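Here's what the structure looks like:
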């Protein structure tokens, strides 16, 4: 089955700086890669996703890149703000198999 | 989240007692999932459903059972709760299995004492 590795487990950045979270996956058949943000006491929320026919996708301050050859994808957050502090999960999936989630990254924005 | 509700939000129960958690959706999505979230383990799939009365096991299904008698409701039952089942439980829904995003509920914090 699919295996998703996510790094780092904790990331601390200064407010206004950029943050990058990286994930690798094992199953070359995976073709859908969503990212979730989980705030304290809440359920994960989908913030951006990318499919295997696209190399990069942006939505305001967040972007995701995908390298199918290397089987890795990354979340980029620019101009970080206090409200970006949360746990972020990557996931990989495709077709009949469900999503496989990474173990999460705790992003801390330092004032 | 809008369209998916979990109940109860918090529960404390004693070891050996049965517990049922409920997930209710108003989106008419085919797929429903139960996950547990524990520190260091991320989200682990317990069971999922792909239709009324159609369910399958996930990676951590031991000690849990599920039922889906209506499209909108997915129940998770701990037949005899143990302390290792203390966790936060999340329900999720989706239109397809692996190539669309899941919508998660707000979670149920279960403590087994």
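Residue numbers (this note's numbering), protein chains in the order written: chain A, 1 to 111; chain B, 112 to 224.
For each residue, glycine too, the CB sits at the ideal point set by N, CA and C.
Predicted, not measured: the structure shown is a model, and the values here were computed from it.
- Closest by C-alpha distance to residue 99(A), out of 163(B), 181(B), 191(B), 156(B), is 156(B).
- Residue 191(B) is a Cβ neighbour of residue 129(B), given a cutoff of 8 Å.
- At a cut-off of 8 Å between beta-carbon atoms, residue 33(A) makes no contact with chain B.
- Non-local C-beta neighbours of residue 59(A) in its own chain, meaning closer than 6 Å and more than five positions away in sequence, comprise 48, ordered along the chain.
- Looking only at 153(B), 171(B), 145(B), the smallest Cα-Cα distance to residue 159(B) is reached by 145(B).
- Distance between residue 20(A) and residue 72(A), taken at the CA atoms: about 13 Å.
- Rounded to the nearest whole angstrom, the C-alpha separation of residue 131(B) and residue 67(A) is 42 Å.
- Proximity to residue 178(B) across 218(B), 165(B), 197(B) peaks at 165(B), based on C-alpha coordinates.
- Of all residues in the stretch 69–92 of chain A, only 89 place a beta-carbon less than 8 Å from a beta-carbon of chain B.
- With a threshold of 8 Å between beta carbons, residue 154(B) makes contact with chain A.
- The stretch 189–203 of chain B makes no contact with the stretch 6–14 of chain A, as fewer than three CB pairs between them are under 8 Å.
- Within the stretch 40–71 of chain A, 41, 42, 43, 44, 45, 46, 49, 51 place their CB atoms closer than 9 Å to a CB of chain B, listed in sequence order.
- In the three-state reduction of the DSSP assignment, residue 196(B) falls in the helix class, which pools H, G and I.
- For residue 215(B), the nearest CB of chain A lies under 8 Å from its own CB, placing it at the interface with that chain.
- With a threshold of 8 Å between beta carbons, residue 103(A) makes contact with chain B.
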